Each structure stands twice: as C-alpha cells, then as structure tokens.
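Per this note's numbering, the sequence shown starts with residue 272, numbered consecutively.
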Amino acid sequence: MQFDQTKTYVNLARGFAGESQAGMRYQLIARMATQQGYATLADTVRSLAKNETVHARRFFEELSKRGEKLDNIDISAGYPFHGGTLEECLKFAAMDEHSEFARIYPSFANDAEEEGFKDIAALFRMVANVEKRHEMIFNYLYDAFKTGTLFSNERPMLYICSECGHMMTSKEAWDVCPLCNSSQGYVELNLPFGKEKV
Numbered sequence: 272m273q274f275d276q277t278k279t280y281v282n283l284a285r286g287f288a289g290e291s292q293a294g295m296r297y298q299l300i301a302r303m304a305t306q307q308g309y310a311t312l313a314d315t316v317r318s319l320a321k322n323e324t325v326h327a328r329r330f331f332e333e334l335s336k337r338g339e340k341l342d343n344i345d346i347s348a349g350y351p352f353h354g355g356t357l358e359e360c361l362k363f364a365a366m367d368e369h370s371e372f373a374r375i376y377p378s379f380a381n382d383a384e385e386e387g388f389k390d391i392a393a394l395f396r397m398v399a400n401v402e403k404r405h406e407m408i409f410n411y412l413y414d415a416f417k418t419g420t421l422f423s424n425e426r427p428m429l430y431i432c433s434e435c436g437h438m439m440t441s442k443e444a445w446d447v448c449p450l451c452n453s454s455q456g457y458v459e460l461n462l463p464f465g466k467e468k469v
C-alpha cells in the first residue's frame, strides 16, 4: 500500500493541522495575557506555543520525507475554536491538551503501529507525553489565575523579577518591584512541578 493511502498519512496531516492551530491559539492567549499586564504568564504560554509549532514541524517532516509529492491532503476532523476571558482560555487549553494526550495521539500511534510505522508511532507517543505536561501546566495556570494565587503561596517561595533579577522570599510577590518598578506581572512564575515529575 502506498503511504498516501494509509491512516498514518492522514493522521500526520491532522496532527500538523492541529498542532499549527494550537500554536496560534496559544499565541493569542499570550497576547491577551500581555495586554492584561501578565508578562511572565504570556512568556510561559508562548513557550508552550513554540512546543506546538515544533510538533507541527515534526509531523510535516514525516510527511515530506517519504519521498512522495505532497499536494492537497483532504482531512476531515474537528478542531477547537475557543474564545473568552483569559481564565476561560487557560481552562480550554488544558481541556484540549487532555484530549490530545489521552485520546487523539494514542489512537494515531496505534494506527501507525498497525500499519508498520513504528518510528511514527513512537513520535506520536512522545508528543502525547509533552501534551500531558502541557495539560498540567495549563491546569495549574488556570487554577492559580482563577483563585488569585498566581503570585502567592501558602508557604514562602523565592520570587524573582524577570526584568531586573531582584529576588525575595515571601508568601506573596510584590505588587511593584522595589528595584526596577516593574509590575507584579513580571514576576517569574513558580510552576509547582518540573520535568522529572511528569
């Protein structure tokens, strides 16, 4: 069977389209965060957007390297279109990431495995693992934003100004940096988990 007749071919195209759109949706969330004065929140979301566009590139590369001419690939799939407040967008992003890692990419990996594309199956699984971490980050950001604890904690934490490097250990970050006068939105975010816990 020719590659362009496989489910894997279509799934790579769907993955490319989905990751490209996720990257743009997250850029729009980052823009909204910037407009509302949350510079480090915007930077965090932009970093996730970059991850999504790299995933899209990897799927495109897999489509391209098979040596077949790529033209128009007809795909039928649903893609999320969410809007709303910054808080709502963070919640929707977590839901979208959950769908990708729990349902979509495992299904794509199984199809690739069944069709003999073990390398592509492994790629889908690696991307699913990243999306799982993205869901954790978006859930944390949503909860912290919703509860007003983005820049506070029950126990003292190290808060660092992303502009000038000023540091302070406290239960809550400053409203205005005492060194450079940047707003609280420039305080580096303390995500409660690292890569090793995922």
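Cβ coordinates follow ideal geometry from the N, Cα and C atoms, glycine included. Note that the structure is predicted; figures quoted are calculated from it, not measured.
CB of residue i within 9 Å of CB of residue j, strictly
i, j, result
"Gln292", "Pro377", "no"
"Leu357", "Gln307", "yes"
"Leu315", "Gly294", "The sequence given here has Thr at residue 315, not Leu. Against a cut-off of 9 Å, the Cβ pair of Gly294 and Thr315 comes out as no contact."
"Gly286", "Phe379", "yes"
"Val281", "His326", "no"
"Ala304", "Leu312", "yes"
"Glu329", "Leu394", "Note that residue 329 is Arg in the sequence shown here, rather than Glu. Yes. Within cutoff."
Same chain, Cβ closer than 8 Å to residue i, five either side skipped, listed in chain order
i, result
"Met438", "Leu429, Tyr430, Ile431, Cys432"
"Glu444", "Looking at the sequence shown, residue 444 is not Glu but Ala. Phe422, Ser423, Tyr430, Gln455, Val458, listed in sequence order."
"Asn461", "Asn424, Met428, Leu429, Tyr430"
Endpoints, alpha helix (DSSP H) assigned at residue i
i, result
"Arg296", "278-306"
Cut-off 7 Å between Cβ atoms - residues of its own chain near residue i, not counting five sequence neighbours on either side
i, result
"Ala415", "Leu421"
"Pro427", "Thr440, Ser441, Lys442"
"Glu406", "Ala365, Glu368, His369, Phe372"
Contacting residues, own chain, Cβ-Cβ under 6 Å from residue i (five flanking each side not counted)
i, result
"Glu386", "Thr277, Thr279"
"Lys466", "With a pLDDT of only 43 at Lys466, under the threshold of 50, the placement of this residue in the model should not be trusted; the figure read from the coordinates follows. Around Lys466: no qualifying Cβ."
Nearest-angstrom Cβ-Cβ length linking residue i and residue j, presumed shorter than 8 Å
i, j, result
"Leu361", "Phe409", "6 Å"
"Tyr411", "Pro463", "6 Å"
Run of the beta strand (DSSP E) containing residue i, from where it starts to where it stops
i, result
"Ile346", "Where Ile346 is concerned, there is no enclosing beta strand (DSSP E), given that its DSSP letter is neither H nor E."
"Ser441", "438-443"
Residue i: CB within 8 Å of a non-hydrogen atom of the ligand SAM
i, result
"His326", "The ligand SAM is not part of this structure, which contains no ligands at all."
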